[in-house]
Amino acid sequence: MRQLVILSGKGGTGKTTVAGAFIRLSETRACADCDVDAPNLHLVNVAYPLRDDEPYYALPLADIDPALCVSCGECHSICRFDAIIPGGPYRVNDHSCEGCGVCALVCSVGAIHMKPHHAGNMTLYKKENAVFSTAELKMGSGTSGLLVSQVKKRMNAVVEGDIPFSVVDGSPGIGCPVIATLSGADVTLIVAEPSLSGISDLERIVKTARGFGTQVAVCVNKADINPARTRQIQEYCKREGLFFVGCIPYDPLAVVAVNRGVTIADIQCPSGNAAAEVYRRLLPVITQRSH
Amino acid sequence: MKGKTIAFLSGKGGTGKTFLAVNLASVAPSAVYIDCDVEEPNGHLFFRPAWQYSRTIHVPLPQVDPAVCNGCRKCVDFCAFSALAWANGQLILFEALCHGCGGCMMVCPNQALCEADREIGEIKGGTSAGVRVISGFLKPGEATGVSIVKSLLTQAGSGCSVFIDCPPGSSCMVSESIRDADYCVLVAEPTRFGAHNLNMVHELLRLYNKPCGAVLNKCQPGEDPSRDYCLHHGVPILARIPFDERLGLLNSNAQIAVREDKGYREMFQALLLRIDKEACDAAVGHS
């Protein structure tokens, strides 16, 4: 099974809107939402009657036993993540603790142990032999990269039979969740926005993606908001040898679709038609028939 | 608006955090704008500041002396991040997995490990028509910019109003960015996506006990799940900004609307007054 990943660098360019449309157009039986900090695909990718939830445990975090702590301050001075709050007794800030265990190592009275950390929830939606894997990280948690890997693993573990490719929706930015999403991607579609910010962010996500040996394709969403910037993106793609797959117009009906809980491919609208055209052009690359 | 720190966050990306933070900082009498979205920083594209300084940001990275390492693997066993492995008779470090905690050095009985600095990005500071602009840039390929955000927040100084442009999401990067905020402005779009992520980030603020209000951006006629969320959960709506093609064009060309148009300037001045009042009321309520 090949893997199509949809990313954007900049937030809010329309990754999930495009991913939802592609899932519908391809009728793929495997898809995932790896934007674990702000998952939304489940709001438009619906109609899976079965649901299977599982808690996600991240790295165990430090916990100080107040009965044993002698407030010596060793843990506080050794912690590199500012996660220890001084006092009598000392406490751990769960949102800063990265779970390295150094404080437990140096505590001379054995007051620090590592405790399991319930950092989020993973959900598998199923219908017949199709699967949709998603997850939501608890607020303020770190290690989202690990959860992203889990989401993909869970999708891959339950797919049955021969599926040409999966569709994976990613998160904005270029950091750990994006890196974990890129790992294993055969084709990456970047949904760009025709703005100066969008172009700057596009360049940064392309740089990041290039480290992963994935084929990179680019489409522009809301292209008519700024035609000059759209042309600039096309020229950039040409210069960089990136496959430019096409444009999707700004479309108030896209908002209507989202608010009805359907994808733009489910209703008759200009953005849905354009997304179908982008999909048609990208399909040979996804299935590796030709480029 | 004296000396308050206001953070702009959204959960969902692309709702207009930078648009609001940049324009509000531009109408404030003395402002510092800090771009904490170090993965995709954009504020400087609007301000086009004359940079006055830059500083590289480093994280510690362990290095092994193969002549001293005897292969005991105590470091491999200790590393919670699986960043160290013993293979083919040598110690291997996976740089991307290392969090730089320093634990491996501490457990090594032979002092075979030491630390070197690894550059993960930089911060830059400058000014733009009276606004101090401070931005952070994570190098592409690096996993986390938390240390860049920490460094950025030390640059705020005192006496000025501080406008913090947060990254999207509700992750560790966001919690770091809002640590010093006196008041938080949630920026949301009128969609179910917007409302769902507004909910997530609102929960985060409740967890940190931060006062907040919402700006609903790109509003269009019809349903607005984000407005419904605010009304149901008692989040004050500070402003509703309609979808506006001209504003969209100015913004896409990274132009600061309040510097281009008197109407927009008045709109943002009014919004700044409202935020200031909310922040003051919240401070009184808290004390």
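Listed in order, the protein sequences are those of chains A and B. In terms of our numbering, the first sequence opens at residue 167 and continues consecutively. In terms of our numbering, the second sequence opens at residue 258 and continues consecutively. Heads up, the beta-carbon is just placed ideally off N, CA and C, and yes, glycines get one too. Just so it is clear, the structure is predicted and the values come from calculations on it, not from any experiment.
Report back the beta-carbon spacing between residue i and residue j to the nearest angstrom; my notes put them in contact at under 8 Å.
i: B:L443; j: B:C469; result: 6 Å
i: B:L281; j: B:F500; result: No, B:L281 and B:F500 are not in contact; Cβ-Cβ is about 19 Å, not under 8 Å.
i: B:G271; j: A:T179; result: 6 Å
i: A:G286; j: A:E302; result: 6 Å
i: B:V472; j: B:I498; result: 7 Å
i: B:L354; j: B:F338; result: 5 Å
i: A:A383; j: A:V451; result: 6 Å
i: B:S287; j: B:S418; result: 7 Å
i: B:Y440; j: B:A539; result: 6 Å
i: B:I532; j: B:L495; result: 6 Å
i: B:E297; j: A:K176; result: 6 Å
Within 10 Å of its beta-carbon, does residue i have 16 or more other beta-carbons around it, so buried, or fewer, so exposed?
i: B:F265; result: buried
i: B:H490; result: exposed
i: A:Q454; result: exposed
i: B:F351; result: exposed
i: B:G357; result: buried
i: A:K304; result: buried
i: B:M258; result: Interpretation of B:M258 is limited by its pLDDT of 48, a score under 50 that renders its predicted location unreliable; the figure taken from the coordinates is listed afterwards. Burial call: buried.
i: B:N327; result: exposed
i: A:S456; result: Below a pLDDT of 50, predicted positions are generally treated as unreliable, and A:S456, at 45, falls in that range; no measurement from the model is reported.
i: B:L530; result: exposed
i: B:N367; result: exposed
i: A:S299; result: buried
i: B:N345; result: exposed
i: B:N454; result: buried
i: A:H284; result: exposed
i: A:I251; result: exposed
i: B:R449; result: buried
i: A:N295; result: exposed
i: B:G451; result: buried
i: B:K534; result: exposed
i: A:A187; result: buried
i: B:V515; result: buried
i: B:L409; result: buried
i: B:P425; result: buried
i: A:R395; result: buried
i: A:V210; result: buried
Compare the beta carbon distance of residue i and residue j with 9 Å and say whether it is the shorter of the two.
i: A:A228; j: A:P255; result: no
i: B:C371; j: B:L348; result: no
i: B:T275; j: B:A413; result: no
i: A:L234; j: A:V275; result: yes
i: A:G364; j: A:I340; result: no
i: A:V444; j: A:L408; result: no
i: A:A198; j: A:M321; result: yes
i: B:K467; j: B:A438; result: yes
i: A:I507; j: A:N392; result: Outside the modelled stretch of chain A, which goes from 167 to 457, sits residue 507 of chain A, for which no answer is possible.
i: A:D203; j: A:S337; result: yes
i: A:V357; j: A:I172; result: yes
i: A:K107; j: A:D218; result: The structure shown does not extend to residue 107 of chain A, since chain A is modelled only from 167 to 457, so the question has no answer here.
i: B:K475; j: A:N206; result: no
i: A:S366; j: B:S509; result: no
i: A:I329; j: A:R190; result: no
i: A:T183; j: A:A351; result: no
i: A:S307; j: A:P343; result: no
i: B:M430; j: B:V403; result: yes
i: B:C336; j: B:G300; result: no
i: B:G398; j: A:T374; result: yes
i: A:Q169; j: A:V353; result: yes
i: B:Y521; j: B:L504; result: yes
i: B:L461; j: B:S432; result: yes
Would you check whether the ligand NAP has a heavy atom nearer than 8 Å to the C-beta of residue i?
i: B:C487; result: The ligand content of the structure shown is nil, which means the ligand NAP is not present either.
At 7 Å on the CB atoms, spell out the chain E contacts of residue i, in chain order.
i: A:C342; result: In the structure shown, chain E does not exist; the protein chains are A and B.
message = Between the region 515-530 of chain B and the region 288-301 of chain B, can you find at least three pairs of beta-carbon atoms closer than 8 Å?
response = no
ask   = Taking three-plus beta-carbon pairs below 8 Å as touching, is the region 382-395 of chain B in contact with the region 305-312 of chain B?
value = yes
request  = Quick one: which unbroken beta strand (DSSP E) runs of 3-plus residues sit fully inside the region 303-391 of chain A? Chain order, please.
outcome  = 331-335, 353-358 and 381-387
message = Between the region 258-274 of chain A and the region 210-227 of chain A, can you find at least three pairs of beta-carbon atoms closer than 8 Å?
response = yes
ask   = What residue ranges within the region 427-496 of chain B form continuous beta strand (DSSP E) runs of no fewer than 3 residues, ordered along the chain?
value = 440-445 and 469-476
request  = Identify every run of the beta strand (DSSP E) within the region 268-328 of chain B, keeping only runs that are complete inside it and at least 3 residues long; order them along the chain.
outcome  = 288-292 and 307-321
Three or more C-beta pairs below 8 Å linking the region 305-318 of chain A and the region 334-348 of chain A = yes
request  = Within the region 388-436 of chain A, note down every full beta strand (DSSP E) run reaching 3 residues or more, in order along the chain.
outcome  = 409-414
Whole alpha helix (DSSP H) elements within the region 203-231 of chain A, 4-residue minimum = none
ask   = Can at least three beta-carbon pairs, one atom from the region 387-397 of chain B and one from the region 294-305 of chain B, be found at a separation below 8 Å?
value = yes
ask   = Along the chain, which unbroken stretches of the beta strand (DSSP E) at least 3 residues long are found entirely within the region 273-308 of chain A?
value = 278-293 and 296-303
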